[in-house]
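Visitor: Just so you know, we're using the working numbering here: the sequence shown kicks off at 28 and counts up by one.
Ideal Cβ positions, reconstructed from N, Cα and C, are used throughout, including at glycine.
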Amino acid sequence: VNVLYFFPKYFTPEQFGLTRILMDIAMIFSTLCTAGMIPIAFKFSPFYNHHLEKSKNDLFTFTFLIAMISCIVFYFALPYLQPLIIRKFGFRSPLLVEYFDWIYPMAVGLVIFSLMEAYAWVISKNVTSNFLKEFLYRILVTVLIMVWSFKLIKQFDLFIGIYAMLYTVLIIILGWIIYKSNYFSLTFTRSTLTRKYTPMMLKFGSAYFLSALLNILAKTNDTLIIASQSNGGLKDAAIFTIATYLITLMDVPQRSMVSSATIQIANAWRSKDMPKLDRLYKKTALTLLIVALAIMGIIMINATLIVRYLGDIYTGLPLLMIILGTGKLIELGTGMNAQILQLSKHWRIDLFTNMFFVVVSIIFNYFLTKKYGLVGTAAG
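See below:
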């Protein structure tokens with residue numbers, strides 16, 4: 028509703044595009060700041076919970092401490108990145124340069140929530156964390172837009188400031204839930220298990236860190252390239268955002284499935300339960316493909332109505348959705364293969380294939396966007 032109705036109705040395409048670009052850049056920086064701590068939390072939590080009592084389990088403290096140190100380093104590095112942002116986006120997307128400073132609080136909010144979400148999954152609170160991220164956050168954005176539409180907020184500067192801080196609400200709620208669970212404790216004493224597994228965690232975390240960074244670049248490089256290279260700048264980014272959002276609806280079942288299956292996969296690898304991994308892969312692949320086909324069919328049936336409602340500026344949406352939707356079907360048809368590989372000794376396969384495809388994607392997106400515009404971006 029926000030992407031398809033409220034943002035196009037109450038904001039200019041440039042303002043709408045700005046909200047998406049800010050979030051995309053914040054997601055890239057937040058991935059850098061998590062420093063590989065999220066996969067470490069997933070993979071090593073079963074070992075820590077099995078071998079250590081709660082008062083001596085320092086994994087929770089260790090991962091948060093590393094992430095917060097990374098955020099501090101990012102704060103001091105950000106001013107050195109600003110000239111690059113101005114040079115690449117200043118001409119076609121001047122609004123991004125104007126509101127560049129709001130990237131930091133957005134990124135830090137994403138870092139804290141992502142780590143809390145990981146530990147919520149560990150204690151089987153994945154339904155709650157998904158509700159906060161997938162539902163409550165969108166409700167908060169809707170409320171903020173309504174406040175803007177009724178002129179209770181008259182300055183766009185204030186709107187962007189509040190928008191950048193919305194994750195604070197989710198952090199407070201999820202933090203309270205984790206605290207009340209009494210599952211974790213803060214301890215700054217390094218456990219024997221941490222001493223034993225530190226080399227392995229560094230190796231695994233750094234590899235997954237690079238993999239996660241490549242994944243987020245794969246998801247965000249298109250809008251960033253559009254904002255910097257497309258003639259329409261943020262306006263074209265807004266158009267592409269709507270097409271991407273409609274196709275991303277196909278991802279919703281996968282996100283729910285990942286949150287519930289990740290711990291099962293980690294435990295299956297720990298106990299070497301290969302039949303369980305085989306069942307998880309086959310069931311998730313088939314289920315996701317069938318559901319994705321159904322969602323894409325519904326979207327394409329209503330494509331002309333969407334264009335008619337949004338206006339002539341969005342006439343290219345159906346073609347963009349066909350191209351993007353085909354790629355998404357191929358991706359979802361592979362089920363949970365990425366998670367299975369990432370949590371196994373074969374994680375290098377996932378890492379190197381991701382590296383290859385992301386590099387190829389960025390190169391193709393850059394040149395195809397310059398030559399063919401939005402259609403080139405979708406094809407890339």
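Is residue 313 buried or exposed, if buried means 16 or more other CB atoms sit within 10 Å of its CB?
Guide: Residue environment: residue 313 is assigned as exposed (fewer than 16 neighbouring CB atoms within 10 Å of its CB, all protein chains considered).
Visitor: On the three-state DSSP scale, how would you describe residue 195?
Guide: helix
Visitor: Is the distance from the Cβ of residue 58 to the Cβ of residue 245 below 8 Å?
Guide: no
Visitor: Give me, in chain order, the residues of the same chain whose beta-carbon lies closer than 8 Å to that of residue 213; leave out the 5 immediate sequence neighbours on both sides.
Guide: 87 and 88
Visitor: Assuming residue 296 is part of the alpha helix (DSSP H), what are its boundary residues?
Guide: 279-297
Visitor: Assign residue 128 to one of three DSSP states: helix, strand, or coil.
Guide: helix
Visitor: With C-beta atoms as the reference, is residue 126 less than 8 Å away from residue 102?
Guide: no
Visitor: Ordered along the chain, which non-local residues of its own chain (more than five positions away) have a Cβ less than 6 Å from that of residue 84?
Guide: 75
Visitor: May I ask you to report which of helix, strand or coil DSSP gives residue 230?
Guide: helix
Visitor: Counting only beta-carbon atoms, is residue 147 nearer than 8 Å to chain C?
Guide: Absent here is chain C; the protein component of the structure consists of one chain.
Visitor: Looking at residue 340: is its Cβ nearer than 8 Å to the Cβ of residue 266?
Guide: yes
Visitor: Classify residue 248 as buried or exposed, calling it buried when 16 or more other Cβ atoms lie within 10 Å of its own Cβ.
Guide: buried
Visitor: By alpha-carbon positions, which one of 181, 92 and 164 ends up nearest to residue 485?
Guide: Lying outside 28 to 407, the shown extent of the chain, residue 485 is not represented and no answer is given.
Visitor: Rounded C-beta distance between residue 45 and residue 122? I'm assuming under 8 Å.
Guide: 5 Å
Visitor: What's the call for residue 332, buried or exposed, on a 16-neighbour Cβ count within 10 Å?
Guide: exposed
Visitor: Quick one, are the C-beta atoms of residue 104 and residue 61 less than 8 Å apart?
Guide: no
Visitor: Ordered along the chain, which non-local residues of its own chain (more than five positions away) have a Cβ less than 6 Å from that of residue 208?
Guide: 150
Visitor: Closest by CA to residue 370, which one among 336, 71 and 108?
Guide: 71
Visitor: Let me confirm a value: residue 326 is counted as buried when at least 16 other C-beta atoms fall within 10 Å, else exposed. Which label applies?
Guide: Flag for residue 326 reads buried.
Visitor: Applying the 10 Å Cβ sphere with the 16-neighbour rule, what's the burial state of residue 229?
Guide: exposed
Visitor: Alpha carbon to alpha carbon, how far is residue 162 from residue 155?
Guide: 10 Å
Visitor: Where does residue 170 fall in DSSP's three states?
Guide: In the structure shown, residue 170 sits in a helix (DSSP, three-state: H, G or I).
Visitor: Give the secondary structure of residue 396 by DSSP, where H, G and I count as helix, E and B as strand, and everything else as coil.
Guide: Helix, per DSSP.
Visitor: Can you grab the Cα-Cα spacing for the pair residue 307 / residue 363, in whole Å?
Guide: 8 Å
Visitor: Can you tell me the Cβ-Cβ gap for residue 47 and residue 330, rounded? I've got them flagged as a contact below 8 Å.
Guide: Contact flag wrong, Cβ pair sits at about 20 Å.
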